[in-house]
Amino acid sequence: MDRPLPEGVRDLLFADTAAFRRMETALQATWSAWGYREIHLPTFEYADTLATDVGSEMDAELYRFFDRQGRTLALRPDMTIPTARVVGTRLYDQPMPLRLAYTGSVFRYEPPRAGRQHEFGQAGVELIGAGGTVADAEVVALAAAALQAVGLPEFGITLGHVGFFRGLLAGLALPERLTARLQEAVARKAEAELVRLLAETPGLPPVARQAVLALPRLTGSAAMLVDAEAVCLNATMMNALADLRSVAALLDAYGVSRFVTYDLAEVRDLGYYTGITFEGFAPGLGFGLISGGRYDDLIGHFGPPCPAVGWALTLDRLLLARELQGIVEPEPRPDVLLAASPASAEGRRKKEDGRCGSRAGKMGAAEPGAGTGQNCQTCLGWAAVARGRGLKVEIDPLGLDPQALWHAAKARGIPRAAWYAGTEDQATITVREADGAEWRTIGADDWEEMDRWQNR
Amino acid sequence: MAEPLTVALPKGRLTDDALVFLARAGYAVPTNGDGGRKLVLDGADGRLRYILVKPSDVPVFVEYGAADVGVAGLDVLRESARDVYEPLQLPFGYCRLVVAGKAGRPDLPLRLERSPRVATKFPRLTEAFFRKRGIAAELIVMSGSVELAPLVGLADFIVDLVQTGATLRENGLVELRTILESQAELIANRASYRLRAAEVRELIDALAGAVREA
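Those sequence lines, one after another, are chains A and B.
Here the first sequence stands for residues 1 to 456, where the numbers follow our numbering.
Here the second sequence stands for residues 457 to 670, where the numbers follow our numbering.
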């Protein structure tokens, strides 16, 4: 029977789930080392809450539905807005700054691109209640630390500042229609369009023209932040540069400046961010995998105004980026497939319920290690001890004979098959590696050997 | 030596023009001897690798980073609405995306049409054009011979690319509105624009130089 999945969702199977878990664990270890505390946020809220000042683009991407009273709810399209609500309504009088972190699924009605479905995994941090470049730099440095921690060998972070372009727009004082076109052209790095725009606005002073034409080239290393002073029209632009230079110096001290470049013509989400903005890329992925910035106006929608800076990364894209750089998550598997006490094939064939130890009388006594119900119970005790030491032990529930057991282990990628025999006083493990030729018997208390089985 | 930048070129006329400008910009370009069947061609100087794709696929290759840069017509670019940078306009591939109808059509503003049937290969731009004017056009998405549609009563109008207008005239059609003036654009992947900033910038500047000299 066909059971199609709705558009926009996906299952993750074993290796991918393990990779997700590993990335989340690495991220959690990183941000907790920086003093960030994790919060858990609801999956849906009132649509009014989530649509606050997010801009029409995200508004159109909301998954909406109704509660029983007919009020409109929506699945969270990101975690920053729910976080801002929590801070604005519940944490506003706590000692500042607050360092918050989260992971979870978010939902956006947008075409799937680069591993991102309508539902995708996000992880992020927010540093709340601290303005200024020290907080800015901390969050950028933490982004670099997080990407390193998840084992992404190569990536780049591009840092900008909305103040630079806002200052330019203020200095130009263009009619609204031209402002929109200019922003659009800068967003697409359309250099020719800038020239055409200037041709339509003959009244502009030469310095202003020069600033517009220079925009697409104001990218590169921190040294560019000094050269860019030449095109500043006002204090807003100068302050943006000063902020970025200060952040650049701190990132140097953090030891992450090799990952960072600057772009003064990055004008995405101009209405949302209020200071620095940044986006991270990895080779071959084509799409941004982490983005963030300063958004001092958001929390004020939910409570007292409060400065904030943060980032969020898309776990699905991180997974792709890691794969593109050759990092393959191994298929999760146990270390050993353990038969409680295998009997002869003949004995087993007659067995119907397959449960360990039942019908012990039918087990072939000629088989080495032929067991009894007593045997099996001891072996379960042994498995519990082994698991306690970190060994991943899977018990064979089918009552396979040794040969079948070994084949089953091999077929399922389990590196060895073993069976347990004896009493509590004198017990042995008989083991055969998946690529080994024969069985060998060791003491069931030979932990030195068995610790070596872990993950190999 | 570093990996070459990958350039997606649209199979057909635009590629010939693009190669002329790339050669003038100082890049080794594949020669005719490479034949028409190979889809991946390496420039002899190792700076660029060329992939030849269907014109409408160029923005997709570039958006996903399968190609670092590409050459695409503005028509295709706007129709695909892909998220790429467009750093340079190239002086070829000029054409117009127009609304055309039968020559004998009564002189009536488009907005007074009831619910016209419009045949096109550009559904997104066509939809946007009519919707903006409050007209509920019925789109007939075709993949070729769009001019035929009004002649056999399939559609009231067509939205199609026009260079000289000769094809339209031959088929008894007249241009009614221009939706978009198109020409070739150099487009760049957002990640490549940053991660391979020096090489991408060098290409943009070299091509811009070649365009100025032309």
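Every residue, glycine too, gets a C-beta built ideally from N, C-alpha and C.
Because the structure is a prediction, the values reported are computed rather than measured.
Kindly indicate which three-state DSSP category B/ARG561 falls into: helix, strand or coil? Counting from one through the second sequence, the residue named residue 561 of chain B turns up at place 105. Of the three classes helix, strand and coil, the one that applies to B/ARG561 here is coil, per DSSP.
What do you get for B/ARG570, buried or exposed, if any count of 16 or more other CB atoms within 10 angstroms of its CB means buried? In the second sequence, residue 570 of chain B corresponds to position 114, counting from 1. With fewer than 16 other Cβ atoms within 10 Å, it is exposed.
Does the beta carbon of A/TRP31 fall short of 7 Å from some heavy atom of the ligand ZN? The ligand content of the structure shown is nil, which means the ligand ZN is not present either.
For the beta strand (DSSP E) containing A/TYR102, name the first residue and the last one. Taking the first sequence and counting its residues from 1, one reaches residue 102 of chain A at position 102. 98-107 is the extent of the beta strand (DSSP E) around A/TYR102.
Between A/THR158 and chain B, is any beta-carbon pair separated by less than 8 Å? Taking the first sequence and counting its residues from 1, the one referred to as residue 158 of chain A is at position 158. Yes, contact with chain B.
Which runs of the alpha helix (DSSP H) at least 4 residues long sit entirely within the segment 524-581 of chain B? Give them in chain order. For the segment 524-581 of chain B, whole alpha helix (DSSP H) runs of length 4 or above, ordered along the chain, are 530-536.
First through last residue of the alpha helix (DSSP H) which encompasses A/HIS407: The residue you call residue 407 of chain A lines up with position 407 of the first sequence. Residue range 402-411 is occupied by the alpha helix (DSSP H) that includes A/HIS407.
Please say whether B/ARG538 and B/VAL554 have beta carbons closer to each other than 8 Å? Translated into positions along the second sequence, residue 554 of chain B becomes position 98. Translated into positions along the second sequence, residue 538 of chain B becomes position 82. Not a contact, by the Cβ cut-off of 8 Å.
Would you tell me roughly how many angstroms separate the C-alpha atoms of A/ASN455 and A/VAL336, rounded to the nearest one? The residue labelled residue 455 of chain A in the question sits at position 455 within the first sequence. The residue labelled residue 336 of chain A in the question sits at position 336 within the first sequence. If you draw a straight line from the Cα of A/ASN455 to the Cα of A/VAL336, it is about 10 Å long.
For A/ARG188, which residues in chain B fall below 7 Å Cβ to Cβ? Position 188 of the first sequence, counted from the first residue, corresponds to residue 188 of chain A. Think of a sphere of 7 Å around the beta carbon of A/ARG188: the chain B residues whose beta carbon falls inside it are TYR541, GLU542, in chain order.
Give the interface partners of B/TYR520 over in chain A, defined as CB-CB distance under 9 Å, in chain order. Sequence index remark: in the second sequence, residue 520 of chain B carries index 64 (1-based). Proximity of chain A to B/TYR520 at the Cβ level (cut-off 9 Å) is accounted for by ARG113, ALA114, LEU285, GLY286, PHE287, in chain order.
Kindly identify the DSSP beta-bridge partner or partners of A/GLY220. Residue numbering aside, residue 220 of chain A sits at position 220 when the first sequence is read from its first letter. When beta bridges are read from the DSSP output, A/GLY220 appears opposite A/TYR262.
Which of the residues in the segment 214-244 of chain A, read from start to end, lie with their CB under 9 Å from any CB of chain B? If the cut-off is 9 Å between Cβ atoms, the segment 214-244 of chain A has PRO216, ARG217, THR219, GLY220 near chain B.
Report the residue ranges of all alpha helix (DSSP H) runs contained in full by the segment 272-331 of chain A; include only those spanning at least 4 residues, in chain order. Listed in chain order, they are 315-324.
Please classify A/GLU138 as buried or exposed, where buried requires at least 16 neighbouring CB atoms within 10 angstroms. For the purposes of this step, residue 138 of chain A is identified with residue 138 of the first sequence, where counting begins at 1. By the neighbour-count rule (16 or more Cβ atoms within 10 Å), A/GLU138 is buried.
Quick check on this structure: which residue in B/GLU669, B/ALA664, B/ALA670 has the alpha carbon closest to the alpha carbon of B/LEU544? Numbered from 1 along the second sequence, position 88 holds the residue referred to as residue 544 of chain B. Closest by C-alpha distance to B/LEU544, out of B/GLU669, B/ALA664, B/ALA670, is B/ALA664.
Please work out which residues of its chain come closer than 8 Å, Cβ to Cβ, to A/SER105, disregarding the five sequence neighbours upstream and downstream, and give them in chain order. For the purposes of this step, residue 105 of chain A is taken as residue 105 along the first sequence, with counting starting at 1. Within the same chain, A/SER105 has close Cβ partners THR43, GLU119, PHE120, GLY121, GLN122.
Just reading off the alpha helix (DSSP H) that A/ASP445 is part of, what are its end residues? Residue numbering aside, residue 445 of chain A sits at position 445 when the first sequence is read from its first letter. From DSSP, A/ASP445 is part of no alpha helix (DSSP H); its letter is neither H nor E.
Using CA atoms only, rank isn't needed, just tell me which of A/GLY167, A/GLY390, A/GLY132 is closest to A/VAL247. The residue you call residue 247 of chain A lines up with position 247 of the first sequence. Of the listed residues, the one whose Cα sits closest to A/VAL247 is A/GLY132.
Provide the residue span of the beta strand (DSSP E) that contains A/THR514, from first to last. Beyond the ends of chain A as shown, which are 1 and 456, falls residue 514 of chain A; an answer cannot be given.
Using a Cβ cut-off of 8 Å (strictly closer), state whether B/ALA653 contacts chain A. In the second sequence, residue 653 of chain B corresponds to position 197, counting from 1. Yes, its Cβ sits closer than 8 Å to a Cβ of chain A.
Shorter than 8 Å from the beta carbon of B/ARG650 to some beta carbon of chain A? For the purposes of this step, residue 650 of chain B is identified with residue 194 of the second sequence, where counting begins at 1. For B/ARG650, the nearest CB of chain A lies under 8 Å from its own CB, placing it at the interface with that chain.
Check each candidate in A/THR89, A/GLN148, A/TYR63, A/ALA51 and name the one with the smallest Cα separation from A/ARG108. The residue labelled residue 108 of chain A in the question sits at position 108 within the first sequence. The alpha carbon of A/ARG108 has as its nearest neighbour, out of A/THR89, A/GLN148, A/TYR63, A/ALA51, the alpha carbon of A/TYR63.
Coil, strand or helix - A/GLU229 by DSSP: Numbered from 1 along the first sequence, position 229 holds the residue referred to as residue 229 of chain A. Correct three-state label for A/GLU229: helix.
By how many angstroms is the C-alpha of B/LEU642 removed from the C-alpha of B/ARG652? As a working mapping, residue 652 of chain B is identified with position 196 in the second sequence. As a working mapping, residue 642 of chain B is identified with position 186 in the second sequence. Taking the straight line joining both Cα atoms gives about 16 Å.
Using a cut-off of 9 Å between C-beta atoms, extract the partners of A/GLU191 located in chain B. Numbered from 1 along the first sequence, position 191 holds the residue referred to as residue 191 of chain A. The answer, in chain order, is GLU542, PRO543, LEU544, GLN545, ILE660, ALA664.
Using beta-carbon positions only, say whether A/LEU168 and A/ALA211 come within less than 8 Å of one another. Counted from its first residue, the first sequence places residue 168 of chain A at position 168. Counted from its first residue, the first sequence places residue 211 of chain A at position 211. Going by beta carbons, A/LEU168 and A/ALA211 fall inside the 8 Å limit.
Between the segment 216-229 of chain A and the segment 142-157 of chain A, can you find at least three pairs of beta-carbon atoms closer than 8 Å? Segment contact: the segment 142-157 of chain A against the segment 216-229 of chain A, fewer than three CB-CB distances shorter than 8 Å; contact not assigned.
Supposed close pair B/ASP671, B/GLY557 - CB separation, criterion 8 Å: This structure gives no information on residue 671 of chain B, because the portion of chain B shown stretches from 457 to 670.
Neighbourhood of A/ARG113 by C-beta, 8 Å cutoff - its chain only, sequence neighbours within 5 removed: By 1-based counting over the first sequence, the position of residue 113 of chain A is 113. Take A/ARG113, set aside five residues on each side of it, and the residues of its chain with a beta-carbon closer than 8 Å to its own are PHE287, in chain order.
Tell me, which residues are paired with B/ILE596 by DSSP? Along the second sequence, read from residue 1 onward, the residue named residue 596 of chain B stands at position 140. B/ALA575.
Backbone CA spacing between A/LYS351 and A/LEU398 [nearest angstrom]: Reading the first sequence from its first residue, position 351 is the one you call residue 351 of chain A. Reading the first sequence from its first residue, position 398 is the one you call residue 398 of chain A. Only weak support exists for where A/LYS351 lies, its pLDDT of 44 falling under 50; the coordinates are left without a value.
Please work out which residues of its chain come closer than 6 Å, Cβ to Cβ, to B/ARG657, disregarding the five sequence neighbours upstream and downstream, and give them in chain order. The residue labelled residue 657 of chain B in the question sits at position 201 within the second sequence. Beyond the five residues adjoining it in sequence on each side, B/ARG657 comes within less than 6 Å, by CB distance, of no other residue in the same chain.
Excluding the 5 residues flanking A/LEU178 on each side, which residues of the same chain have their C-beta closer than 8 Å to its C-beta? The residue labelled residue 178 of chain A in the question sits at position 178 within the first sequence. Cβ neighbours of A/LEU178 within its own chain (closer than 8 Å, five residues either side excluded): LEU197, GLU200, THR201.
May I ask which residues mark the beginning and end of the beta strand (DSSP E) holding B/PRO466? Translated into positions along the second sequence, residue 466 of chain B becomes position 10. For B/PRO466, the enclosing beta strand (DSSP E) has its first and last residue at 461-466.
Let me make sure I understand the geometry here. Which of A/LEU318, A/LEU91, A/ARG116 has the alpha-carbon closest to that of A/PRO77? Counted from its first residue, the first sequence places residue 77 of chain A at position 77. Answer by Cα proximity: A/ARG116.
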